[in-house]
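Undergrad:
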Amino acid sequence: MKELTPEQMMAAELYMARKSNGMFVDDVAARIGVSRRTIYRWLQLPEFKRYCREKAVEVAEESLGRVLDVLTQKALEAKNAKFLELYLKVCGVLNGEMVKVDVNAVTDDDPRSNEAIEDEIVELKCQLGLAEEH
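Numbering (the UniProt record's numbering), first residue to last: 1 to 134.
(1) For a minimum of 4 consecutive residues, which ranges assigned as the alpha helix (DSSP H) are wholly contained in the UniProt domain "Homeodomain phBC6A51-type" (3-121)?
(2) How close, in whole Å, do the beta carbons of residue 20 and residue 57 come, if the pair is a contact with beta carbons under 8 Å?
(3) Just confirm the distance between the C-beta atoms of residue 14 and residue 48, as a whole number of angstroms; I'd bet it's less than 8 Å.
(4) Apply the 10 Å Cβ neighbour rule to residue 40 and answer buried if 16 or more other Cβ atoms are within range, or exposed otherwise.
(5) Nearest-angstrom Cα distance between residue 81 and residue 22?
(6) So, are the CB atoms of residue 28 and residue 18 less than 8 Å apart?
(7) Give me the Cα-Cα distance between residue 52 and residue 16, rounded to the nearest whole angstrom.
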C-alpha cells in the first residue's frame, strides 16, 4: 500500500474536519496548495479513504459524549435505535466492521412519514452542528 504524502495527510485531516471548521473543499485545497480536483482525485485512493475514516473517528470522538447523550435521549423517546445508527453512519464508524447495532431488536412501528423522519434528522444535525451549508 502506498504511503500518503504529508500534503495528503493534511488534506484528509482538513477535509474530515471541514464542517466543524466552516470550510469547503475549495478552502481545503487552497490551504494545501492544490486544486479542488486534486482533492477529489485523492478521495478515490484507498489509502486516502482509509486515512479519512481514521480522521472521521477522531473528529467524532471529540463530540461523541454530547452527541450520544442527545441521540440516546431521542432513541429512548422514540423507542428506536435508528438515531444512534444514523450518527454512527454519518461519522463513518458504522461500516459493518467496527461497530454493529442490532436495529432489528427494536420494533419498527413508527407512525411517522419518511418526510417527518427526514425533517427530524435535519433538526438533529442542526442541533449537533452537523448540518451542511448549501
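In this text, a Cβ means the ideal position worked out from N, Cα and C, and glycines have one as well.
TA: To lay it out plainly:
(1) 6-16, 25-32, 36-42, 46-78 and 82-90
(2) For the purposes of this step, residue 20 is taken as residue 20 along the sequence shown, with counting starting at 1. For the purposes of this step, residue 57 is taken as residue 57 along the sequence shown, with counting starting at 1. Incorrect: roughly 14 Å between the Cβ atoms, too far for contact.
(3) The residue you call residue 14 lines up with position 14 of the sequence shown. The residue you call residue 48 lines up with position 48 of the sequence shown. Going by Cβ atoms, the distance from residue 14 to residue 48 rounds to 13 Å, so no, they are not a contact pair.
(4) Within the sequence shown, numbered from 1, the residue matching residue 40 stands at position 40. Residue environment analysis places residue 40 among the exposed positions, since fewer than 16 neighbouring C-beta atoms fall within 10 angstroms of its C-beta.
(5) Here residue 81 refers to the residue found at position 81 of the sequence shown. Here residue 22 refers to the residue found at position 22 of the sequence shown. Straight-line Cα distance between these residues: approximately 29 Å.
(6) As a working note, residue 28 is residue 28 in the sequence shown. As a working note, residue 18 is residue 18 in the sequence shown. Yes, the pair counts as a contact, with Cβ atoms nearer than the cut-off.
(7) Here residue 52 corresponds to residue number 52 of the sequence shown, with the count starting at 1. Here residue 16 corresponds to residue number 16 of the sequence shown, with the count starting at 1. Going by the C-alpha atoms only, they are around 6 Å apart.
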